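Engineer: Going from the sequence shown to this note's numbering is simple: count from 1 and add 29. Even glycine gets a Cβ: it sits at the ideal position worked out from N, Cα and C. As the structure is a computational prediction, the values presented were derived from the model and not from experiment.
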Amino acid sequence: MSEILRVTDLVVSYGHIEAVKGINLTLNSGEITALVGANGAGKSTTLLAISGLLKSVRGQVLLDGTDLTRLSPHRIVRSGVVQVAEGRAILTTLTIHENLELGAYTRSDKAQIAQDLDWVYTLFPVLKKRAAGLAGNLSGGEQQMLAIARALMAKPRILLLDEPSMGLAPLLVREIFQILQEINRTGLTIFLVEQNVRQALRIAQRGYVLETGRIVLADNGENLLHNPRVIEAYMGG
Ligand SMILES: Nc1ncnc2c1ncn2[C@@H]1O[C@H](COP(=O)(O)OP(=O)(O)O)[C@@H](O)[C@H]1O
Ligand SMILES: [Mg+2]
Numbered sequence: 030m031s032e033i034l035r036v037t038d039l040v041v042s043y044g045h046i047e048a049v050k051g052i053n054l055t056l057n058s059g060e061i062t063a064l065v066g067a068n069g070a071g072k073s074t075t076l077l078a079i080s081g082l083l084k085s086v087r088g089q090v091l092l093d094g095t096d097l098t099r100l101s102p103h104r105i106v107r108s109g110v111v112q113v114a115e116g117r118a119i120l121t122t123l124t125i126h127e128n129l130e131l132g133a134y135t136r137s138d139k140a141q142i143a144q145d146l147d148w149v150y151t152l153f154p155v156l157k158k159r160a161a162g163l164a165g166n167l168s169g170g171e172q173q174m175l176a177i178a179r180a181l182m183a184k185p186r187i188l189l190l191d192e193p194s195m196g197l198a199p200l201l202v203r204e205i206f207q208i209l210q211e212i213n214r215t216g217l218t219i220f221l222v223e224q225n226v227r228q229a230l231r232i233a234q235r236g237y238v239l240e241t242g243r244i245v246l247a248d249n250g251e252n253l254l255h256n257p258r259v260i261e262a263y264m265g266g
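1. Could you give the uninterrupted runs of the beta strand (DSSP E) lying entirely in the segment 210–239, keeping only those of 3 residues or more?
2. DSSP puts isoleucine 260 in a beta bridge; with which residues?
3. Less than 8 Å between the beta carbons of isoleucine 125 and arginine 99, yes or no?
4. Who pairs with glutamate 32 in a beta bridge, going by DSSP?
5. Count the other CB atoms, across all protein chains shown, that sit within 10 Å of the CB of glutamate 2; report buried if there are 16 or more and exposed otherwise.
6. Starting from the C-beta of tyrosine 237, find all residues in its chain whose C-beta is less than 6 Å away, skip the five residues before and the five after it, and write them out in chain order.
7. Would you call arginine 214 buried or exposed, if buried means 16 or more other Cβ atoms sit within 10 Å of its Cβ?
8. Assuming the contact rule is C-beta atoms closer than 8 Å, serine 80 and valine 110 should be a hit. Round their C-beta distance to whole Å, please.
9. For the beta strand (DSSP E) containing aspartate 191, name the first residue and the last one.
10. On the three-state DSSP scale, how would you describe alanine 161?
11. Roughly how many whole angstroms lie between the Cα atoms of tyrosine 43 and serine 73?
12. What is the rounded straight-line gap between the Cα of alanine 143 and the Cα of isoleucine 212?
13. Looking at ligand 2, does it come within less than 7 Å of serine 73, judged from the CB to the closest heavy atom?
14. If you compare alpha carbons, which of Gln234, Leu254, Met264 and Pro257 is closest to isoleucine 61?
15. Ordered along the chain, which non-local residues of its own chain (more than five positions away) have a Cβ less than 6 Å from that of leucine 97?
16. Please say whether alanine 67 and valine 49 have beta carbons closer to each other than 8 Å?
17. From arginine 87 to leucine 197, what does the alpha carbon distance come to, in whole angstroms?
18. Across the segment 169–177 and the segment 198–207, are there enough close Cβ pairs to call them in contact, namely three or more that are closer than 8 Å?
19. Glycine 44 CB to nearest chain D CB: under 8 Å?
See the structure below:
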């Protein structure tokens with residue numbers, strides 16, 4: 030299993046509040062890695078630091094050994110580390126098709142872009158059916174799908190997701206997680222941040238449990254799913 034991303038001794042603060050207190054984690058190429066924990070644990074802060082949207086106080090984010098820590102968010106996207114937009118932040122006054130085209134803005138390989146567009150429309154048939162419609166008219170779940178599809182159009186090497194299940198009905202959560210597995214089966218590395226611990230660990234090959242800015246458990250998804258400490262703390266005993 031080859032490593033693609035490594036986070037070492039990462040510390041991130043908001044003023045005097047240390048939200049991430051020196052964490053280490055690695056993503057293996059082609060795997061789904063989950064970072065799970067309660068509200069306020071520091072999951073989003075970790076992702077924002079990887080994306081370069083928050084500057085770390087200490088530590089490194091290494092992509093294939095190259096330090097991303099000092100790169101701008103834009104450069105980090107270009108290097109292939111792409112976060113699905115927070116809060117379904119799609120462009121509501123543009124069509125679904127236009128949103129997807131914008132996802133490919135860093136690319137110039139027209140034939141490959143067209144191929145990827147076909148692929149995301151296959152993954153999300155509802156988006157294809159409504160391609161010419163305004164993104165603002167989609168439901169919350171469909172907007173989440175569009176946000177994922179748009180990130181895929183950037184042709185990421187690593188897809189970062191911050192709680193894609195948030196606010197969605199259980200059936201829709203299952204559908205989105207199934208699609209994430211399908212995306213992963215094409216070989217794409219996924220870093221999935223979730224409060225929905227059970228669902229996330231079910232699809233993750235590897236997982237980390239974050240508690241108040243520290244990683245307290247690291248194991249494969251299956252072992253974590255059956256770990257008494259995880260069950261007690263996150264799955265209602
Ligand atoms: N903009 C901010 N300013 C100050 N504190 C923040 C800010 N964002 C998050 N925090 C604090 O940092 C900690 C981690 O937050 P966050 O990374 O959002 O957790 P999670 O995503 O796991 O819910 C929490 O204690 C939170 O209150
Ligand atoms: Mg969060």
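Structural biologist: Reading off the structure:
1. Counting whole runs of 3 or more residues, the segment 210–239 contains the beta strand (DSSP E) stretches 218–223.
2. In DSSP, isoleucine 260 forms no bridge with anything.
3. Against a cut-off of 8 Å, the Cβ pair of arginine 99 and isoleucine 125 comes out as no contact.
4. Glutamate 32 is bridged by DSSP to Asn57.
5. The chain is shown from 30 up to 266; residue 2 falls before or after that span and cannot be answered.
6. The residues are Leu54, Leu64, Ile244 and Ala247.
7. Around the C-beta of arginine 214, fewer than 16 other C-beta atoms lie within 10 Å, and the residue is accordingly described as exposed.
8. Distance from serine 80 to valine 110 at the Cβ level is roughly 7 Å; contact confirmed, criterion being Cβ atoms closer than 8 Å.
9. Here the beta strand (DSSP E) through aspartate 191 covers 187–191.
10. For alanine 161, the secondary structure class from DSSP, reduced to helix, strand or coil, is coil.
11. If you take the alpha carbons of tyrosine 43 and serine 73, they lie about 13 Å apart.
12. Straight through space, the alpha carbons of isoleucine 212 and alanine 143 are spaced by roughly 17 Å.
13. Because some heavy atom of ligand 2 lies under 7 Å away, the Cβ of serine 73 counts as near it: yes.
14. Considering only Gln234, Leu254, Met264 and Pro257, the residue with the shortest C-alpha distance to isoleucine 61 is Gln234.
15. Taken in chain order, the residues that qualify are Val90 and Ile105.
16. The answer is no: Cβ separation not under 8 Å.
17. Taking the straight line joining both Cα atoms gives about 35 Å.
18. Segments in contact, yes.
19. No chain D appears in this structure, which consists of one protein chain only.
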